Ligand SMILES: NC(=O)c1ccc[n+]([C@@H]2O[C@H](COP(=O)([O-])OP(=O)(O)OC[C@H]3O[C@@H](n4cnc5c(N)ncnc54)[C@H](O)[C@@H]3O)[C@@H](O)[C@H]2O)c1
Ligand SMILES: [Zn+2]
Ligand SMILES: [Zn+2]
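Set out below in structure tokens:
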């Protein structure tokens with residue numbers, strides 16, 4: 005089959021690789037129809053996630069048709085499903101508590117040592133995301149093996165197109181959980197750093213969950229414009245001093261809750277961020293936590309901090325005094341997608357949430373390497389890229405074929 009594989013920093017290729025096989029009775033095999041590129045894939049592309057190997061298949065946002073089932077799968081051939089990006093067994097202590105992204109069984113013993121050493125306990129499995137998370141082949145491929153297929157996949161009704169439901173795999177529940185972690189109260193002002201897909205869905209979710217005002221921060225004009233269209237007030241961090249702007253907009257109090265939808269690759273020319281960048285290049289630190297530091301200073305006393313942005317290792321210059329002395333609450337984590345997939349599907353079906361506005365580009369799987377480059381280099385134009393494994397299913401493919409015939 006054809007699959008998008010990682011070969012090093014800024015080097016991904018579409019290769020012919022072995023087809024996946026059922027290895028456990030709870031597995032199924034999916035023929036992938038649509039798959040998206042995520043901000044988290046950029047951390048791999050930029051070489052920030054250790055334990056990747058040349059040839060690893062990427063992709064953790066995918067959906068498709070069930071083509072093979074193990075004896076204990078509850079799925080049937082022909083069903084269309086979305087698949088949550090964290091891999092969860094459904095039976096362990098953590099899955100029973102609905103903390104699916106903390107599953108204790110999905111990261112095999114031979115790959116769990118690295119995260120055990122880095123984090124104190126092993127991480128759960130995640131599709132297409134290094135040996136830290138189980139070395140599972142990802143779904144930016146024609147076919148993918150889905151472990152615990154009796155727990156993760158959600159069957160999608162035929163009348164809903166792929167584009168309407170694909171983001172249930174990750175970014176929509178991630179934006180939703182980010183807002184939920186803010187424990188929004190009537191009258192609240194929520195500030196969101198980062199207007200990528202996660203930040204934009206956090207803006208949308210914060211309003212649905214009752215925020216009075218949402219302030220969105222980024223510097224890309226098109227992404228800020230999308231946030232504005234959703235009702236957010238916007239701040240360009242290159243144009244204004246973010247801390248004083250937020251204080252001014254909130255009567256000197258600060259936002260009630262703040263969301264870090266940026267994570268470990270914060271941009272900006274502040275002293276702390278420049279130092280982080282130099283140290284990261286010298287392998288003296290891993291994470292550029294500029295946004296998190298700014299949030300701890302900006303949020304009001306007694307406020308709430310939600311961190312969906314991914315951090316992988318260590319940081320310094322951390323304002324621990326602000327965290328403690330201001331009596332802040334912090335909530336974070338890889339998203340417990342399994343918890344949200346059904347209620348969010350219902351909101352999509354009822355027309356209360358639309359996620360298609362986010363898609364700026366469709367392309368074929370074969371075009372994935374150039375799409376990774378655009379996603380990395382031109383975040384203003386590329387707000388979300390959806391890849392179709394069948395090139396003929398790319399919207400406008402007929403038209404393009406006709407044009408090239410004429411040429
Ligand atoms: N917790 C989870 O389960 C989960 C799931 C998906 C993604 N993520 C993480 O969420 C983060 C966002 O994902 P995405 O797909 O939206 O990524 P993205 O790269 O598309 O968006 C990040 C945005 O942050 C902005 N930004 C950078 N520096 C900033 C600063 N100093 N102030 C304000 N904005 C700044 C960028 O301009 C960009 O628009 C990533 O770290 C990703 O890994 C986490
Ligand atoms: Zn993702
Ligand atoms: Zn589990």
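Numbering (the working numbering), first residue to last: 5 to 411. Ideal Cβ positions, reconstructed from N, Cα and C, are used throughout, including at glycine. These numbers come from a predicted model, not from an experiment.
Review point. Residue 92 to residue 7, Cα distance in whole Å?
Key: 24 angstroms
Check your understanding: Under a three-way DSSP split, which group does residue 32 fall into?
Key -> strand
**Study point:** Cβ-based neighbour list, residue 182, same chain, cut-off 6 angstroms, excluding 5 preceding and 5 following
**Key:** 206, 263, 310, 312
Practice item. Can you have a look at residue 220 and say buried or exposed, based on whether 16 or more other CB atoms are within 10 angstroms of its CB? Key: buried
Check your understanding: When burial is assigned at 16 or more other CB atoms within 10 Å of the CB, is residue 362 buried or exposed?
Key -> buried
Exercise for review: Tell me where the beta strand (DSSP E) around residue 412 begins and ends.
Suggested key: Because the chain in this structure spans residues 5 to 411, residue 412 falls outside the shown range and cannot be described.
Check your understanding: In this structure, does DSSP put residue 392 in helix, strand or coil?
Key -> Residue 392 falls in the strand class under three-state DSSP.
Point to revise | Nearest neighbour of residue 41, chosen from 388, 397, 394, 392 [CA to CA] | key: 388
Check your understanding: Should residue 229 be listed as close to ligand 2, given that the test is whether its C-beta is under 7 angstroms from any heavy atom?
Key -> no
**Study point:** Of the residues 35, 112, 204, the one placed nearest residue 149, counting alpha carbons only
**Key:** 35
Check your understanding: For residue 118, which of helix, strand or coil comes out of DSSP?
Key -> helix
Point to revise | Range of the contiguous beta strand (DSSP E) that encloses residue 262 | key: 261–264
Check your understanding: Fully enclosed by the stretch 85–161, which alpha helix (DSSP H) runs are 4 residues long or longer?
Key -> 97–100, 113–123
Review point. Quick one: is residue 392 buried, meaning 16 or more other Cβ sit within 10 Å of its Cβ, or exposed?
Key: buried
Check your understanding: Which of the three DSSP states, helix, strand or coil, is assigned to residue 243?
Key -> Three-state result, residue 243: coil.
Check your understanding: Nearest to residue 166 by alpha carbon, out of 195, 37, 249?
Key -> 37
Exercise for review: With DSSP as the reference, please indicate the residues paired to residue 269 in a beta bridge.
Suggested key: Residue pairing from DSSP places residue 269 in a beta bridge opposite 292.
Point to revise | Residue from 320, 339, 48 whose Cα sits closest to the Cα of residue 202 | key: 339
Review point. Is the closest heavy atom of ligand 3 to the C-beta of residue 93 under 7 angstroms?
Key: yes
Review point. Leaving out the 5 sequence neighbours to the left and right, which residues in its chain are closer than 7 angstroms to residue 366 when beta-carbon positions are compared?
Key: 390, 392, 398, 399
Check your understanding: Alpha carbon to alpha carbon, how far is residue 192 from residue 260?
Key -> Straight-line Cα distance between these residues: approximately 6 angstroms.
Review point. Is residue 32 near ligand 3, in the sense that its beta carbon is under 7 angstroms from a heavy atom of that ligand?
Key: no
Exercise for review: Spatial neighbours of residue 209 within its chain, please: CB distance less than 6 angstroms, with the 5 preceding and 5 following residues excluded, ordered by chain position.
Suggested key: Here the set comprises 179, 180, 183.
**Study point:** residue 110 classed as buried or exposed, judged by whether at least 16 other C-beta atoms fall within 10 angstroms
**Key:** buried
Review point. Are the beta-carbon atoms of residue 145 and residue 137 separated by less than 8 angstroms?
Key: It is not a contact, given that the beta carbons lie outside the stated cut-off.
Exercise for review: Let me know if residue 290 comes out buried or exposed under the rule of 16 or more other beta-carbons within 10 Å of its beta-carbon.
Suggested key: buried
Review point. Between residue 174 and ligand 2, is the CB less than 7 angstroms from at least one heavy atom?
Key: yes
Check your understanding: Assuming residue 295 and residue 270 make a contact with CB atoms under 8 angstroms, what is their CB distance in whole Å?
Key -> 5 angstroms
Review point. Excluding the five sequence neighbours on either side, which residues of its own chain have a C-beta within less than 7 angstroms of the C-beta of residue 75, listed in chain order?
Key: 29
Point to revise | Chain-order list of residues whose beta-carbon lies under 6 angstroms from that of residue 226 (same chain, five-residue window excluded) | key: Excluding residues within five positions, the ones whose Cβ falls inside 6 angstroms are 384.
Exercise for review: Measure the beta-carbon distance from residue 304 to residue 258 and round it to whole angstroms, keeping in mind my assumption that it falls under 8 angstroms.
Suggested key: 4 angstroms
Check your understanding: Would you say residue 338 touches ligand 1, meaning its beta carbon is less than 7 angstroms from a heavy atom?
Key -> Answer for residue 338: yes, Cβ within range of ligand 1.
Review point. Does the beta-carbon distance from residue 132 to residue 140 come in below 8 angstroms?
Key: yes
Exercise for review: Using only the heavy atoms of ligand 2, determine whether one of them is closer than 7 angstroms to the beta carbon of residue 243.
Suggested key: no
Check your understanding: Is any beta-carbon of chain C found at less than 8 angstroms from that of residue 102?
Key -> Annotation note: the requested chain C is absent from the structure, which comprises a single protein chain.
Review point. Does the beta-carbon distance from residue 372 to residue 18 come in below 8 angstroms?
Key: yes
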